[in-house]
Amino acid sequence: MDQSELVEKVAKELAISNASSQRLLKATLREIRDLLRVGHAVTIPHLGTFDTATYEEHRGYRPVSHDFAIFPKRRVPVFRTGSLLRDEVYDIESDEAGVPT
Amino acid sequence: MSDDNKITLHDFAELVAARAKVSSAEADTYIHQFAKTMSEELEAGGDIHLYHFGRFHTTHVEEQAGHDPNSGAPLTIPAHSRVHFRAYNALRLAVNAPFNQLRIRELTPDKTAWRTRTGVWILLVLLALLLIALGISSKSGVPTQDASLVPPATVSAAPVEPESNLSVAATTGVVVSPGDTLWGIAETRLGDSAWWPIIYAENRPELPHHDPELIDSGITLRIPALAGSVNNPSVADFRLKTNGYQIAADDYRKLGNPRAAAYGRVAGRLSLELSGMQ
């Protein structure tokens, strides 16, 4: 599913125009990006958490030149799947105690 | 995971609402519906691609052996699907903004890296050209006796002679010190270096080598007195000069010096002018 299909689907569910759905989707994505840029984490209900991870400067293998090099400190965006979505995707029945295996 | 930097859904909805210029309730509803639609799609095992943001996709994980992290008891993890998120470059660059200027550093600095830099080679070539140019200019700057071949013919009668006192003093001799040349002595004593052959002709009987390019230091050279001056020579002076050039040319020829031909030519021209003056 690409972005336009998502926009149309959500617009149909909420009975709003495609244009406003598109605007809201873009606003959501940009807001997430801007929050990640300043180091915040955003949790979207039912879906998961967008967060950042910081890797310190480290020694690592570089396959291009077949040698080791010092990689600089960097910050990357990470996504952690929410437990609700994970259960659904896992497609595993919880046991009697309600704990997913 | 750090909880201190987390933002609540309420604040997030308000921020989105401000950006999209809608009410925060609408934004909140939208975010919930958006998440629900996406999770339904992921549940069905599809991919979601969002422009300039990232891609969600699911992978299948086979059944594998694991252990309970609390008790350490072995257990079997059943086959399942996993959700992955792959951020696109726009999002990566935005998140990495504080460290974007950092580069990968070599563990062992490459000592041969300069060979691949064109700037170094351009600099070396420029340096070599500069040295060559310096060598040429310094070589051409050294005065040689070849310059004395410039014929003093058609001497203009106009300039006054500032060397008159030199000509008066020229009757005396001059002691040759190391580094002196006939050319230089003629320049200082007669006022024109092109007149050096007359000094040579005057002193030739006393010179041991009979070589115009070799005079011993310590000997005394007689400077012949001119009737006129170098700028306004009389006929007698001209005859002296012609004679001097002829003697110099003869001695050069005897020594096998290639300058003989040029001096012979100048002597021939001077004698022609001399016959014209008489």
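Residue numbers (our numbering), protein chains in the order written: chain A, 1227 to 1327; chain B, 151 to 428. Quick reminder that beta carbons are idealized off the backbone N, C-alpha and C, glycines included.
What did DSSP end up calling residue i once you bin it into helix, strand or coil?
{"i": "Tyr-413/B", "result": "helix"}
{"i": "Pro-328/B", "result": "coil"}
{"i": "Pro-248/B", "result": "helix"}
{"i": "Ile-1270/A", "result": "strand"}
{"i": "Gly-222/B", "result": "coil"}
{"i": "Lys-289/B", "result": "helix"}
{"i": "His-234/B", "result": "strand"}
{"i": "Lys-1235/A", "result": "helix"}
{"i": "Lys-1328/A", "result": "Residue 1328/A falls outside the range modelled here, since chain A spans only 1227 to 1327, and no answer is possible."}
{"i": "Phe-162/B", "result": "helix"}
{"i": "Glu-1280/A", "result": "Note on residue identity: the sequence assigns Thr, not Glu, to residue 1280/A. Of the three classes helix, strand and coil, the one that applies to Thr-1280/A here is strand, per DSSP."}
{"i": "Val-172/B", "result": "coil"}
{"i": "Ile-157/B", "result": "strand"}
{"i": "Leu-364/B", "result": "coil"}
{"i": "Gln-1229/A", "result": "helix"}
{"i": "His-217/B", "result": "strand"}
Bridge partners of residue i, per DSSP?
{"i": "Ile-1296/A", "result": "Arg-1285/A, Arg-255/B"}
{"i": "Arg-205/B", "result": "His-199/B, Arg-236/B"}
{"i": "Thr-370/B", "result": "Val-325/B"}
Near residue i, which residues of its chain fall below 7 Å by C-beta distance, leaving aside the five closest residues on each side in sequence?
{"i": "Asn-353/B", "result": "Leu-371, Arg-372"}
{"i": "Thr-1307/A", "result": "Gly-1274"}
{"i": "Arg-232/B", "result": "Thr-208, Thr-209, Val-211"}
{"i": "Asp-401/B", "result": "His-360, Asp-361, Pro-362"}
Smallest Cα separation from residue i: which of the options?
{"i": "Asp-1277/A", "options": "Met-1227/A, Pro-1303/A, Ala-1245/A", "result": "Pro-1303/A"}
{"i": "Pro-259/B", "options": "Tyr-1281/A, Ala-1237/A, Ala-1295/A, Ala-1267/A", "result": "Ala-1295/A"}
{"i": "Val-1264/A", "options": "Gly-204/B, Arg-242/B, Leu-159/B", "result": "Arg-242/B"}
{"i": "Lys-1252/A", "options": "Tyr-413/B, Ser-174/B, Asp-178/B, Ala-170/B", "result": "Ala-170/B"}
{"i": "Pro-228/B", "options": "Gly-222/B, His-359/B, His-217/B", "result": "His-217/B"}
{"i": "Asp-154/B", "options": "Ser-1309/A, Lys-1238/A, Ala-1267/A, Met-1227/A", "result": "Ala-1267/A"}
{"i": "Met-1227/A", "options": "Val-166/B, Tyr-201/B, Asp-161/B", "result": "Tyr-201/B"}
{"i": "Ile-397/B", "options": "Pro-358/B, Ala-336/B, Asp-387/B, Tyr-350/B", "result": "Tyr-350/B"}
{"i": "Asp-1260/A", "options": "Asn-393/B, Ala-247/B, Ala-377/B, Glu-337/B", "result": "Ala-247/B"}
{"i": "Leu-364/B", "options": "Ser-379/B, Val-326/B, Leu-192/B", "result": "Val-326/B"}
{"i": "Arg-253/B", "options": "Arg-1312/A, Pro-1289/A, Lys-1299/A, Leu-1310/A", "result": "Lys-1299/A"}
{"i": "Val-416/B", "options": "Gly-406/B, Leu-405/B, Arg-389/B, Leu-225/B", "result": "Arg-389/B"}
Apart from the five residues on each side of it in sequence, which residues of its chain come closer than 6 Å, Cβ to Cβ, to residue i?
{"i": "Pro-374/B", "result": "Ile-348, Glu-352"}
{"i": "Val-166/B", "result": "Ala-177"}
Using C-beta distances below 8 Å, list every residue in its chain close to residue i, excluding the 5 sequence neighbours before and after it, in chain order.
{"i": "Gly-323/B", "result": "Thr-370, Leu-371, Arg-372, Ile-373"}
(message) Tell me which residues of the segment 1265-1284 of chain A have at least one Cβ-Cβ distance to chain B shorter than 9 Å, keeping chain order.
(response) Of all residues in the segment 1265-1284 of chain A, Gly-1265, His-1266, Ala-1267, Val-1268, Thr-1269, Ile-1270, Pro-1271, His-1272, Leu-1273, Gly-1274, Thr-1275, Phe-1276, Asp-1277, Thr-1278, Thr-1280, Glu-1283 have a Cβ within less than 9 Å of some Cβ in chain B.
(request) Using a Cβ-Cβ cut-off of less than 7 Å, list which residues of the segment 1296-1308 of chain A approach chain B; keep chain order. (result) Against chain B - using a Cβ distance shorter than 7 Å - the residues of the segment 1296-1308 of chain A are Ile-1296, Phe-1297, Pro-1298, Lys-1299, Arg-1300, Arg-1301, Val-1302, Pro-1303, Phe-1305, Thr-1307.
(message) If the cut-off is 9 Å on Cβ atoms, which residues from the segment 164-188 of chain B count as contacting chain A, listed in chain order?
(response) So the list reads Leu-165, Val-166, Ala-167, Ala-168, Arg-169, Ala-170, Lys-171, Val-172, Glu-176, Ala-177, Thr-179, Tyr-180, Ile-181, His-182, Gln-183, Phe-184, Ala-185, Lys-186, Thr-187, Met-188, given in the order they occur along the chain.
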